[in-house]
Amino acid sequence: MSNSNTFGAPPKGAGMTGALILLLATGAGLSVASLYYSQPMLGVMGADLGASDQAMGLVPTLTMLGYAAGILLTAPLGDRHDRRALILIKVALLVLALVAAAVSPSVGPLLVASLAMGVAATLAQDIVPAAATLAPDAHRGRVVGTVMTGLLLGILLSRVVSGFTAEHLGWRAMFLCAAFATALLGAALWRFLPNFRPTTQLAYGALLGSLGGLWRQHGAVRRAALAQASLAVGFSAVWTTLALWLHAAPYHLGSAAAGAFGLAGAAGALAAPVFGRLADRHGAQRITRVAVGLAAISFASMAFIPWLPLPLHLVWLAVAIVGFDLGFQGALVSHQTIIYASDPAARSRLNALLFVAMFGGMGLGAALGSTLFVHAGWMGVTALATGSSLVALAIRWRAARV
3 MSNSNTFGAP PKGAGMTGAL ILLLATGAGL SVASLYYSQP MLGVMGADLG ASDQAMGLVP
63 TLTMLGYAAG ILLTAPLGDR HDRRALILIK VALLVLALVA AAVSPSVGPL LVASLAMGVA
123 ATLAQDIVPA AATLAPDAHR GRVVGTVMTG LLLGILLSRV VSGFTAEHLG WRAMFLCAAF
183 ATALLGAALW RFLPNFRPTT QLAYGALLGS LGGLWRQHGA VRRAALAQAS LAVGFSAVWT
243 TLALWLHAAP YHLGSAAAGA FGLAGAAGAL AAPVFGRLAD RHGAQRITRV AVGLAAISFA
303 SMAFIPWLPL PLHLVWLAVA IVGFDLGFQG ALVSHQTIIY ASDPAARSRL NALLFVAMFG
363 GMGLGAALGS TLFVHAGWMG VTALATGSSL VALAIRWRAA RV
C-alpha cells in the first residue's frame, strides 16, 4: 500500500483488507494494554525499588491521568493533521516510555515514565477513527467493532500477560517485551497505514475550544457519551472489586483466579463484532438498546449468586462476566457507529468526547465500587452496576423518542 499520497486519504474502503483491520485491532489492543501492565506487578516493583505501597499506588493513577489528559489534548489533533503521522509519533513515544519504565532506578523516574506512557497510549484513540475513516460506509460498524475488540482484549488480557511475565522473567522484562512489541507494531504501521487528509484548518486552541460546541450541537453524541459513561460505572466497579471478593470467604482465591475471569471477559469481547454487523444492518440506535439491556440483565443476575449452591457460584459469575462484557463492548461499538456518522469531519474530536466520558465513568465506578464493597459487600457492587446500566438503558430509550 502506497504512502506517497501525503495530502489525501484513499477512497472509502480502498485497500481496507482483513490484514489491515487485524493490524489496526492489534495496534489498539497493544497500545491500551500499556495502561494495565503495572497493576499485577505493583507489589514486586515496590519491593525491588524500596517504595511504599502508597507511592506505588501512584503508578497506575498517573498512567490513567496521562491517558485522560492525552485523549483530551491530543486526540482532536487527528482532525487537524495527518492521522498517520500522529500515530507513528505516539508509537515512538510509547516505546521510549516503556523502556524508561524498565530501566527506572527508583520510583520517581518510574512515575514520570508512567505518566508519559498514559499520554502515548492514546494512539489507540487515533487508530479507531482511522479505521472508521478507511472503512466503507456499509461496513463501518463491523470494522470499528473488530478494532474495538482488539482494544478491549488489550485491556482484559494485559493483566494476565504481565502477571505471568513478571513472575517468570521479572517486571523490567515485561516493560522491555512491551517496548519491543510496540516497536514492531510501529514498523508495520509505517509500512501499511496510508496517509489521511486533515478535515479542518482550525488552530490548536480553536480545535480544543470546538469540543464544547460539538457537545452542544450533536444530541446523539451527548446521549452516546452519557450512556456509555453510565455503563462504564458498573463495568469498572465490578472489575475493581472482583479480586477482593474472590479473596474473601468462602472462596479464598488469589489474584491468578481473578485474572482467569479476565479470560471470560475476553470471550465476551470476541463476540462483540456481531454488534457492529447488526448496527450496519438494523441501525445502531436499536442495537445500543439490545447491548445495554444485555449488560443490565447480566449485572442483575449476579445478585442471585449468594442464593445458589457454592459449586455454582463461580460458574454463574463467569456467565455473567461474558454477558456484561459483551453488552459493554457491543454498546461501545454501536455508540461509536452513531458518533462517527454524526460529523465525519470531526471524528477524532467526537471520539475524544466519547472516551473522556467513558473513562470518567470508569474512574467514578472504581471509587464508588471500592467504597460500596467495604460497606455493603458484593451485593452493594451488584446494585451499583445494575443501577448504572439501567440509567444507560433509560438514556437509550429516551434517544429513541427524539
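The opening position of the sequence shown corresponds to residue 3 in the numbering used here, with each subsequent residue numbered one higher. Note that beta-carbon positions come from the ideal geometry of N, C-alpha and C, so glycine has one too. Small disclaimer: the values here were computed from a predicted structure and weren't measured.
Candidates the options, of which the one nearest residue i by Cα
i: residue 402; options: 109, 265, 226 and 42; result: 226
i: residue 179; options: 230, 284 and 98; result: 98
i: residue 121; options: 84, 76 and 151; result: 76
i: residue 81; options: 362, 48, 213 and 103; result: 213
i: residue 69; options: 187, 359, 205 and 206; result: 359
i: residue 188; options: 204, 159, 221 and 92; result: 92
i: residue 154; options: 374, 333 and 385; result: 333
i: residue 140; options: 376, 312 and 286; result: 286
i: residue 111; options: 51, 96, 74 and 145; result: 51
i: residue 375; options: 317, 266, 365 and 243; result: 243
i: residue 45; options: 127, 100, 172 and 66; result: 172
i: residue 22; options: 145, 175 and 106; result: 145
Check whether residue i and residue j have beta carbons under 8 Å apart
i: residue 350; j: residue 131; result: yes
i: residue 329; j: residue 236; result: no
i: residue 147; j: residue 335; result: yes
i: residue 337; j: residue 229; result: yes
i: residue 216; j: residue 355; result: yes
i: residue 109; j: residue 49; result: no
i: residue 84; j: residue 200; result: yes
i: residue 18; j: residue 136; result: yes
i: residue 119; j: residue 94; result: no
i: residue 319; j: residue 307; result: yes
i: residue 387; j: residue 162; result: no
i: residue 298; j: residue 370; result: no
i: residue 30; j: residue 129; result: yes
i: residue 390; j: residue 232; result: yes
i: residue 364; j: residue 238; result: yes
i: residue 198; j: residue 86; result: yes
i: residue 78; j: residue 210; result: yes
i: residue 294; j: residue 205; result: no
i: residue 66; j: residue 164; result: no
i: residue 100; j: residue 202; result: no
Contact belief for residue i with residue j at Cβ below 8 Å, rounded distance in angstroms
i: residue 61; j: residue 113; result: 6 Å
i: residue 279; j: residue 152; result: Their Cβ separation, rounded to whole angstroms, is 16 Å, which puts residue 279 and residue 152 out of contact at 8 Å.
i: residue 300; j: residue 326; result: 4 Å
i: residue 324; j: residue 266; result: 5 Å
i: residue 133; j: residue 32; result: With 8 Å as the limit, residue 133 and residue 32 do not qualify as a contact, their Cβ atoms being about 15 Å apart.
i: residue 191; j: residue 96; result: At roughly 12 Å, the Cβ-Cβ gap does not stay under 8 Å, so residue 191 and residue 96 are not in contact.
i: residue 252; j: residue 310; result: That pair is no contact at about 12 Å.
Residue i to residue j span [Cα, whole Å]
i: residue 28; j: residue 34; result: 10 Å
i: residue 7; j: residue 181; result: Bear in mind that a pLDDT of 38 at residue 7, under 50, signals an unreliable position, so the number given afterwards is only what the model happens to contain. So the two alpha carbons sit approximately 29 Å from each other.
i: residue 247; j: residue 37; result: 23 Å
i: residue 196; j: residue 24; result: 15 Å
i: residue 177; j: residue 400; result: 45 Å
i: residue 117; j: residue 284; result: 41 Å
i: residue 361; j: residue 123; result: 14 Å
i: residue 341; j: residue 221; result: 10 Å
i: residue 276; j: residue 282; result: 10 Å
i: residue 166; j: residue 218; result: 46 Å
i: residue 193; j: residue 106; result: 32 Å
Chain D within 8 Å of residue i, Cβ atoms only
i: residue 175; result: As a matter of chain content, chain D is missing from the structure shown, which is built from one protein chain.
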